[in-house]
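Below is one structure, written out as structure tokens; comments come after it.
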């Protein structure tokens, strides 16, 4: 019986001894945040292909998405030897893009964004519906610009159809509830 227990113990120790091998890890790389693998560079301009967790995540609030998923300080440190005085970074998705201009310290100076055929916010949808009953929205564009992370200008350009009739509507989302501009 002692021999059986000793043999089993010897087999167990030998098995566990061979199973615990040392694994050599590769060098970790520090990049530009969670978007590092999507960087493309064309001359002095940098573009990022945005990967959204759900449809419309980026277009819903592009500036907040950029601030949550991009570290400008890591980006500046990675390009430090190239002598840039400002950084223009374009974030692209299937719906549109955000162009952000940073100064040499990493402060957001200005932004410009343009998206096409996105889900409109509820208050904008209501305004379009109330002003155009019987019409169907065929396409839309959202264009916005501003200084820092504050938007100065926002406009939705909405194309509508009703049978053979077509209409283009321009809407400032900050002025919902008031009159809207229509171009027939």
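In mature numbering (1 follows the signal peptide of the UniProt record, and there is no 0), the protein residues as written are -19 to -1, 1 to 165.
Just so you know, even glycine gets a beta-carbon here, dropped at the ideal spot from N, CA and C.
All values reported here derive from a predicted model rather than from experimental measurement.
Closer than 8 Å by C-beta to residue i: which residues in its own chain qualify, once you throw out the five before and the five after it? Chain order, please.
i	result
residue 105	137, 152, 154 and 157
residue 102	154
Please report the straight-line C-alpha distance between residue i and residue j, rounded to a whole angstrom.
i	j	result
residue 87	residue 32	23 Å
residue 118	residue 145	13 Å
residue 129	residue 81	9 Å
residue 51	residue 20	11 Å
residue 47	residue -10	58 Å
residue 73	residue 58	23 Å
residue 150	residue 122	10 Å
residue 39	residue -12	60 Å
residue 75	residue 141	22 Å
residue -18	residue -8	15 Å
residue -6	residue -15	14 Å
With distances taken from CA atoms, which of the options is nearest residue i?
i	options	result
residue 90	127, 75 and -13	127
residue 98	84, 79, 108 and 120	120
residue 54	41, 84 and -14	84
residue 77	-6, -14 and 41	41
residue 26	56, 147 and 96	56
residue 166	143, 107 and 96	Any property of residue 166 remains undetermined from this structure, which presents the chain solely from -19 to 165.
Could you name the residues of the same chain whose beta carbon sits closer than 7 Å to that of residue i, not counting the 5 residues immediately before and after it, in chain order?
i	result
residue 100	37
residue 45	none
residue 5	none
In chain order, what residues of the same chain lie with their CB nearer than 6 Å to the CB of residue i, ignoring the 5 residues before and after it?
i	result
residue 94	43, 79 and 125
residue 132	125
So residue i and residue j are supposed to be a Cβ contact under 8 Å. How far apart are they, rounded?
i	j	result
residue 28	residue 92	Actually they are not in contact, since the Cβ atoms of residue 28 and residue 92 sit about 15 Å apart, beyond 8 Å.
residue 109	residue 139	6 Å
Exercise for review: Count the CB pairs spanning the region 112 to 122 and the region 55 to 66 that are closer than 8 Å, and state whether there are at least three.
Suggested key: no
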